[in-house]
Amino acid sequence: MATTIEASGLSKRYRGKPAVDDLTFTVEPGVVTGFLGPNGAGKTTTMRMILGLAAPSAGTITVGGRRYTDLPAPMHAVGALLDARAVHPNRTARNHLRCLARTNGIGPRRVDSVLELVGLAEVAGKRAGTFSLGMSQRLGVAAALLGDPAVLIFDEPVNGLDPEGIRWIRTLMHRMAGEGRTVLVSSHLMSEMALTAEHLIVIGRGRLIADTRTDEFMAASSGGIVRAGTDRPAELSRALLAAGARLESEVDGQLRVTGLSNNEIGKIAATNGIALFELIPERGSLEDAFMEVTRHAVEYGVTS
Amino acid sequence: MSYVTRNYRATFPDALRSEWTKLSSLRSLWFTALATVLIGPGIGSLTARAQGGAYLAGKVEDPASFDPTAVSYGGIFVGQLAIGVLGVLAITSEYATGMIRPSLAAVPRRARLLVAKCVVFAGAAFVLGQLIGFTSFLIGQSMLAALGVPHAGLDQPDVLRAVVGAGLYLATIGLLGLGLGTMLRSTAGAIGLLVTIILLVRAVSLAFPQDWQIWINKYWPTSAGEQITRVIPQPGALAPWTGFGLLCGFVLAVAVAGYAVLRGRDA
């Protein structure tokens, strides 16, 4: 059964100030969906509302069509890692997981198998308070996987991880999505999302800014710039301008052109007998796209 | 798909098992419990010896009101504080460490989580209370017997009720701590209020006008509840079970207030 997360008109106000403002989106199974926005955009608040930890001021958010608090065995439906440090420091890793597992009828064998899966089997008997941040993150992932859930939610999972840990968690998320699960992962790191997420839900100031495929989000923001390199820049630019292009800049024989596709530029160059050394459509980075789209939505500075 | 969707339905016994695992997997709690079992009767034996000595020296104002059972319960003063603090920590440690969020995500029905916590803690506190009650009584009485002053035996009228009552009183104070912790969500705040309720109000009341003092001695929940530990009733006090009932009502009211906070506020 495919399980989606659906938000509809979701809003949360703290003392009258909106933290999440009329969000409507659907998170689909089978892909990693990135939940992107600057700090304070409302990502964590939204995730806490998915898990029933915070109550919406208006609207609804459901998992597989049900409110989280109505799920008969929530850990079998949704696994979440919100804050890896939210563990009693004096409890061992194994006992921490057992405390959670028992609430949903999950046995000690499953606890040991997820500890194995995240690579903590060796330190299962150690107190969680002695763990590094990376180990705590792994423990948090283990807790999320306990119920073998169809939906996984990770809040800023790569924060404070070393490169090896980041690669591990990224691979894990891809594998989980590949198995048909619904994976929602939040981040304020756009470069990370470009590598991890196929789909993006972008929010700023609690509002939905974009809900689109990651590659489309990046392409839309590149502005259609094509870079053309030649040894006869003056002639090429004259020909391109005549065809209706706009010249954005020219440095050392490199023209940056808008208004024409690279195919059209190539044909014009050939017609005029101008050799092209390179012809590259500039792909905007996710950072650029993000800055472009959220320019009016950041928490500080601008008032909308 | 390589995962299975089982049609499991989480139950209240599941929540009970989880809460027991939480309680029993903290070594610090075992140490605190052990210390309470040692210190409570230890202090009780000191007060028994002191008051037994006073009785021998004829320094007891009214020998007819000498209650050998109550005399061995000097340690309850300390024991109630320790058990109350354990009750506070049973919930506030989850807020302090952030564990409350995974806990509530695992058991989103907040009433179920709180009731499971209360049941498990009450069970543990009851056993702890009985241990303290019986140990204090047996040690205290043997000291009184050695001094050759009147002492009590479990076969005498009302004595067993008073000894079991001492443990019940302690367990109830533990639940009071749990209720206060749920209500205030902060360790320091809840312990402050606990100490105010069980110790400060009665200490300060000594400076109040006498009719206030009499009223507080009779109706203040912990004074009333304490009557269950006495064989010889204090003058002007409520009957043992009536007084204990009043304390239970008070603790229930605090727990309900705690539930209102747990249910109404975001975690």
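Here the protein sequences line up with chains A and B, keeping their order. Per my numbering, the very first residue in the first sequence carries number 329; after that it's consecutive. Per my numbering, the very first residue in the second sequence carries number 36; after that it's consecutive. No residue lacks a Cβ here, since even glycine has one placed at the ideal position from N, Cα and C.
Length of the line joining the Cα atoms of residue i and residue j
{"i": "aspartate 350 of chain A", "j": "arginine 437 of chain A", "result": "43 Å"}
{"i": "glycine 462 of chain A", "j": "aspartate 490 of chain A", "result": "7 Å"}
{"i": "threonine 46 of chain B", "j": "alanine 197 of chain B", "result": "37 Å"}
{"i": "valine 266 of chain B", "j": "aspartate 102 of chain B", "result": "7 Å"}
{"i": "methionine 375 of chain A", "j": "leucine 338 of chain A", "result": "11 Å"}
{"i": "lysine 371 of chain A", "j": "leucine 149 of chain B", "result": "28 Å"}
{"i": "glycine 508 of chain A", "j": "alanine 408 of chain A", "result": "17 Å"}
{"i": "leucine 448 of chain A", "j": "leucine 425 of chain A", "result": "12 Å"}
{"i": "alanine 105 of chain B", "j": "threonine 217 of chain B", "result": "32 Å"}
{"i": "glycine 557 of chain A", "j": "glutamine 582 of chain A", "result": "4 Å"}
{"i": "alanine 505 of chain A", "j": "asparagine 590 of chain A", "result": "35 Å"}
{"i": "leucine 31 of chain B", "j": "leucine 121 of chain B", "result": "Summary: the structure shown does not reach residue 31 of chain B, with chain B confined to residues 36 through 302, and so no result is reported for it."}
{"i": "glutamate 575 of chain A", "j": "glutamate 610 of chain A", "result": "One detail in the question is off: residue 575 of chain A reads as leucine in this sequence, not glutamate. The straight-line gap from Cα to Cα measures roughly 14 Å."}
{"i": "valine 72 of chain B", "j": "leucine 81 of chain B", "result": "15 Å"}
{"i": "arginine 430 of chain A", "j": "arginine 52 of chain B", "result": "6 Å"}
{"i": "threonine 542 of chain A", "j": "alanine 223 of chain B", "result": "48 Å"}
{"i": "threonine 40 of chain B", "j": "proline 357 of chain A", "result": "In this prediction, threonine 40 of chain B has a pLDDT of 46, which is less than 50 and means its spatial position is unreliable; nothing more can be read from the coordinates."}
{"i": "serine 221 of chain B", "j": "methionine 403 of chain A", "result": "28 Å"}
{"i": "glutamate 520 of chain A", "j": "glycine 114 of chain B", "result": "55 Å"}
Chain-ordered chain A contacts of residue i [CB-CB under 8 Å]
{"i": "glycine 133 of chain B", "result": "Asp411, Arg413, Ala414 and Val415"}
{"i": "arginine 144 of chain B", "result": "Thr397"}
Beta-carbon gap between residue i and residue j smaller than 8 Å
{"i": "arginine 419 of chain A", "j": "serine 60 of chain B", "result": "yes"}
{"i": "glycine 79 of chain B", "j": "glycine 109 of chain B", "result": "yes"}
{"i": "leucine 533 of chain A", "j": "alanine 369 of chain A", "result": "Note that residue 533 of chain A is arginine in the sequence shown, not leucine. Yes, these two residues count as a Cβ contact at 8 Å."}
{"i": "glycine 514 of chain A", "j": "glutamate 484 of chain A", "result": "Reading off the sequence, residue 514 of chain A comes out as serine, not glycine. Yes, the Cβ-Cβ distance between serine 514 of chain A and glutamate 484 of chain A is below 8 Å."}
{"i": "threonine 332 of chain A", "j": "threonine 540 of chain A", "result": "no"}
{"i": "glycine 164 of chain B", "j": "leucine 203 of chain B", "result": "yes"}
{"i": "alanine 567 of chain A", "j": "leucine 588 of chain A", "result": "no"}
{"i": "methionine 501 of chain A", "j": "leucine 364 of chain A", "result": "no"}
{"i": "alanine 292 of chain B", "j": "leucine 139 of chain B", "result": "no"}
{"i": "valine 154 of chain B", "j": "glycine 212 of chain B", "result": "no"}
{"i": "isoleucine 553 of chain A", "j": "arginine 584 of chain A", "result": "yes"}
{"i": "arginine 560 of chain A", "j": "glutamate 606 of chain A", "result": "no"}
{"i": "alanine 405 of chain A", "j": "glycine 392 of chain A", "result": "yes"}
{"i": "threonine 388 of chain A", "j": "alanine 347 of chain A", "result": "no"}
{"i": "leucine 443 of chain A", "j": "alanine 456 of chain A", "result": "no"}
{"i": "isoleucine 434 of chain A", "j": "glycine 475 of chain A", "result": "yes"}
{"i": "lysine 253 of chain B", "j": "leucine 282 of chain B", "result": "no"}
{"i": "glycine 200 of chain B", "j": "phenylalanine 279 of chain B", "result": "yes"}
Interface partners of residue i on chain B, CB under 7 Å
{"i": "alanine 408 of chain A", "result": "Ala140"}
{"i": "leucine 379 of chain A", "result": "Ala140"}
{"i": "asparagine 432 of chain A", "result": "Tyr43, Ala45, Asp49 and Ala141"}
{"i": "arginine 419 of chain A", "result": "Ser60 and Leu61"}
{"i": "proline 485 of chain A", "result": "Within 7 Å Cβ-Cβ: nothing; proline 485 of chain A doesn't reach chain B, min ~15 Å."}
Test: residue i CB closer than 8 Å to a CB of chain E
{"i": "arginine 44 of chain B", "result": "Absent from the structure is chain E; the protein chains it does hold are A and B."}
Of the listed residues the options, nearest to residue i (C-alpha basis)
{"i": "tryptophan 255 of chain B", "options": "B:Pro270, B:Thr264, B:Phe285 and B:Gln269", "result": "B:Phe285"}
{"i": "arginine 466 of chain A", "options": "A:Ala414, A:Gly358, A:Leu564 and A:Val359", "result": "A:Ala414"}
{"i": "alanine 401 of chain A", "options": "B:Arg62, B:Gly299, B:Ala117 and B:Ala50", "result": "B:Ala50"}
{"i": "proline 185 of chain B", "options": "B:Ser107, B:Gly293 and B:Thr67", "result": "B:Ser107"}
{"i": "glycine 260 of chain B", "options": "B:Pro275, B:Asp97 and B:Tyr90", "result": "B:Pro275"}
{"i": "glycine 214 of chain B", "options": "B:Ala242, B:Val296, B:Ile135 and B:Leu64", "result": "B:Val296"}
{"i": "aspartate 411 of chain A", "options": "A:Thr390, A:Ile481 and A:Ile389", "result": "A:Ile481"}
{"i": "leucine 116 of chain B", "options": "B:Met134, B:Leu64, B:Val199 and B:Leu205", "result": "B:Leu205"}
{"i": "phenylalanine 653 of chain A", "options": "A:Pro417, A:Leu473, A:Ile553 and A:Gly493", "result": "Here chain A comprises residues numbered 329 to 632, so residue 653 of chain A is not present and cannot be evaluated."}
{"i": "leucine 210 of chain B", "options": "B:Leu229, B:Pro268 and B:Ile111", "result": "B:Leu229"}
{"i": "glutamine 269 of chain B", "options": "B:Ile74, B:Lys57, B:Arg44 and B:Ser100", "result": "B:Ser100"}
{"i": "threonine 599 of chain A", "options": "A:Leu564, A:Asp476 and A:Ile529", "result": "A:Leu564"}
{"i": "leucine 428 of chain A", "options": "A:Leu473, A:Glu450, A:Thr361 and A:Thr390", "result": "A:Leu473"}
{"i": "lysine 454 of chain A", "options": "A:Asn423, A:Leu523 and A:Val479", "result": "A:Asn423"}
{"i": "valine 236 of chain B", "options": "B:Ile251, B:Ala187, B:Ser177 and B:Asp246", "result": "B:Ile251"}
Partner residues on chain B for residue i, Cβ-Cβ distance less than 9 Å
{"i": "proline 346 of chain A", "result": "The premise fails here: proline 346 of chain A is roughly 15 Å from chain B at the closest Cβ pair, so nothing lies under 9 Å."}
Within chain A, partners of residue i - CB distance below 9 Å
{"i": "alanine 159 of chain B", "result": "Result: empty, since nearest Cβ-Cβ is about 15 Å, beyond 9 Å."}
Partners in chain A for residue i, counting only beta-carbon separations shorter than 7 Å
{"i": "lysine 57 of chain B", "result": "Cys427"}
{"i": "proline 270 of chain B", "result": "Going along chain A, no residue has its Cβ under 7 Å from proline 270 of chain B, so there is no contact; the nearest lies around 47 Å."}
{"i": "arginine 52 of chain B", "result": "Arg430"}
{"i": "alanine 302 of chain B", "result": "Leu381"}
{"i": "proline 137 of chain B", "result": "Ala414, Leu428 and Ala471"}
{"i": "serine 128 of chain B", "result": "His416"}
Chain-ordered neighbours of residue i on chain B, where CB pairs are closer than 8 Å
{"i": "asparagine 423 of chain A", "result": "Thr56 and Ser60"}
{"i": "alanine 369 of chain A", "result": "Under the 8 Å cutoff, chain B gives no residues; its nearest Cβ is about 18 Å from alanine 369 of chain A."}
Which parts of the stretch 219-271 of chain B are runs of the alpha helix (DSSP H), unbroken and 4 residues or longer, counting only runs that do not cross its ends? 222-230, 236-240, 245-254 and 256-261
Start-end ranges of the beta strand (DSSP E) lying completely within the stretch 576-606 of chain A, minimum 3 residues: 582-586
Which ranges does the alpha helix (DSSP H) cover as unbroken runs of at least 4 residues, wholly within the stretch 474-539 of chain A, from first to last along the chain? 491-506 and 518-524
Write down every uninterrupted run of the alpha helix (DSSP H) in the stretch 391-451 of chain A whose length is 4 residues or greater and which is fully enclosed by it, in chain order. 402-405, 421-431 and 436-445
Fully enclosed by the stretch 38-81 of chain B, which alpha helix (DSSP H) runs are 4 residues long or longer? 47-59
Mind listing, in chain order, the continuous alpha helix (DSSP H) runs of no fewer than 4 residues lying wholly within the stretch 99-146 of chain B? 103-106, 111-132 and 135-141
Counting only runs that start and end within the stretch 140-217 of chain B, where is the alpha helix (DSSP H) found for 4 or more residues in a row? 145-182
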